[in-house]
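Q: I'd like to ask some things about the structure below.
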Amino acid sequence: STYKFYEAWSPNKRSDRAILVLWLHGADMGDIPSSDLLSMQGLLKRHTYFLVPLNPKEAENGLRFSWGVSFTKAQNKHDLGFIYGEVHEPYLEDLCMLVKTCAAEVSASHICAIGYSMGGFGVYQLASHEPKLFDVAVPIAGYVLGTLEAENSAYQPPQPLATEVMTKFLSDRAKRLSLVHNLLVVHSAIDNVSSFKDASRIVEEIHRFRGDVRLLVVPDEMANSDRKGRGSRRKKMGHSYFNFALLDEASQDFLYTPLRECLDNIPPRPITRKRASPISPLASFAEEQATVLLAGEAEKPSCRLQFPQPLPRVRAFRDPASRSRSRGRTRDRQSDEQ
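In C-alpha cells:
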C-alpha cells in the first residue's frame, strides 16, 4: 500500500498552522485528483496537508482488504466481506502511526479523517481504533461491519448473522467512537448501497455514550446528483452525492461550516517543530515544479505534492476465523461505491 502527501494553501495563508486531513477513497475511486483536494481546501479555508493512502492490495496469503477489514475471496463472495470479514488491527496500527508521523512532521494543529463509501467504512475503523488521534471524523455514505437491513433488501444480507455482526461491532467500538472530539456522519436517507438505517443506529449508539456526533442528512434530490463519471453506472441508487458533500458550493454550508465550527472549538495540538523539513528528498523538486505550473495564478490555491511513499509492511497476517457461508445474493456493493 502506498500513499501521497499533499500541501494546499490559499494566497498569503501558507504561514498559518496547517491541519492534517486523512482522505480514504471508496472502492471504485482510487487516487483522488489533486484538483478535488484543492477544491476541498478552498471550501475548508484552512492551510491543509492531505495524507492520501491507497487501499491495501491483496496479500500474498490471499487476504483482501477494505482498509482495515480483511477477508478471503470466499468470504467476499457476493461482496459480503463487510459481514464475514474481521478488523485487521496491524494495518490500522500502521496507518495510525503514519498519521502521527505526518502530523508531527508538519506540526499539524488538528487531525481530521474523511472518507466516502468504503472510505467511510475505513474512517469508522480508524476512529474506533485510536479515537484520541482524530479531532474530527467524517464518514460520508459509510458503513460498519454487518448491517440491520432485511434479507429481502437491496443487499440481501444473511440474517440474523448480519445484525449480530453489526451489534458486536457497535458493542466493541461505539464507546471508542464517542471519544473522538467530533463526528460528522453524512448520509442520504434513500441510499440503497450504504444503509441509512445502519448510519442512524451508529449515531444512536454513540449518543448513548454521550459522544459529540451529528447526522448530516443529504437532501433526497441531491442523493443522485453526481455528474457523469462518478457513480454513473448505476442509476438512482441514492449513493451518488460525492460532489454535493465535498466539492460543490452547496457543501460550504452543508459540511464545511460545521467542520470549521468543530475545529474552532477544539484546542490546537502542541507545536512539535517550527518548520517541517520535507518528508521526501524529492519534495523540494516537486515544490519547484508546482511553482512553475502555478506561475501567473497567484490568486488560486496552491498545491504541492510530496512523492509516493510505501506504507509500513502490514505485519502478522492472520486468516479470520471461519464462519458459515451465505448462499443468498446481494447487490454488488463495491461497484456502486465511489
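In the numbering used here, the protein residues as written are 3 to 340.
By construction, the Cβ of each residue, glycine as well, lies at the ideal position given by its N, Cα and C atoms.
Nothing here was measured: the structure is a model prediction, and the numbers come from that model.
Between V167 and I85, what straight-line distance do the alpha-carbon atoms span, to the nearest angstrom?
A: Looking at the two C-alpha atoms, the distance is approximately 7 Å.
Q: Is Y51 near C104, with beta carbons less than 8 Å apart?
A: It is a contact, given that the beta carbons lie within the stated cut-off.
Q: So, L181 versus V101, is the Cβ gap smaller than 8 Å?
A: No.
Q: Which whole-angstrom value describes the C-beta separation of I113 and A247, a residue pair presumed to lie in contact below a C-beta threshold of 8 Å?
A: Contact doesn't hold; Cβ gap of about 20 Å is too wide.
Q: Applying the 10 Å Cβ sphere with the 16-neighbour rule, what's the burial state of S12?
A: Buried, since its Cβ has 16 or more Cβ neighbours within 10 Å.
Q: Are N78 and W69 touching if we call contact CB-CB under 8 Å?
A: Their beta carbons are not under 8 Å apart, which means N78 does not touch W69 by this criterion.
Q: At which residues does the beta strand (DSSP E) containing F7 begin and terminate?
A: Note, F7: beta strand (DSSP E), T4 to W11.
Q: Rounded to the nearest angstrom, what separates A29 and G121 at their Cα positions?
A: Straight-line Cα distance between these residues: approximately 8 Å.
Q: Assuming P55 is part of the beta strand (DSSP E), what are its boundary residues?
A: That run of the beta strand (DSSP E) goes T50 to P55.
Q: Take the Cβ of V193 as the centre, count every other Cβ of all protein chains shown within 10 Å, and call the residue buried at 16 or more, exposed below.
A: The residue you asked about is not Val; residue 193 is Asp in the sequence shown. Buried is the call here.
Q: Among residues of its own chain, excluding the 5 on either side of I268, which ones have a beta-carbon nearer than 8 Å to its beta-carbon?
A: For I268, where only same-chain residues beyond five positions count, the Cβ hits under 8 Å are H112, D137, V138, H183 and N184.
Q: Quick one: what's got a C-beta closer than 6 Å to A164's C-beta in the same chain, skipping five residues either side?
A: Cβ neighbours of A164 beyond the five flanking positions: I85, G148 and T149.
Q: Here's the rule: buried if 16 or more other CB atoms are within 10 angstroms of the residue's CB, otherwise exposed. What is S59?
A: The sequence shown places Lys at residue 59, rather than the Ser named in the question. Per the 10 Å Cβ criterion, exposed.
Q: Report all residues from its chain with a CB closer than 6 Å to the CB of V188; omit the five preceding and five following residues, and keep chain order.
A: If we look at V188 and ignore the five residues flanking it on each side, its Cβ neighbours are I142, L218 and A247.
Q: At what residues does the beta strand (DSSP E) containing F73 begin and finish?
A: Element bounds for F73: V71 to F73.
Q: Can you give the beta carbon distance from L39 to A10, rounded, assuming they're within the 8 Å contact cut?
A: Confirmed, about 6 Å.
Q: By how many angstroms is the C-alpha of E88 removed from the C-alpha of S72?
A: Cα-Cα distance, rounded: 6 Å.
Q: Strictly by DSSP, which residues pair up with L26?
A: Answer by DSSP bridge pairing, in chain order: G117.
Q: Measuring only the C-alpha atoms, how far is H209 from G64?
A: If you take the alpha carbons of H209 and G64, they lie about 38 Å apart.
Q: Is it right to say F211 is buried, meaning 16 or more other beta carbons lie within 10 angstroms of its own, or is it exposed?
A: By the neighbour-count rule (16 or more Cβ atoms within 10 Å), F211 is not buried but exposed.
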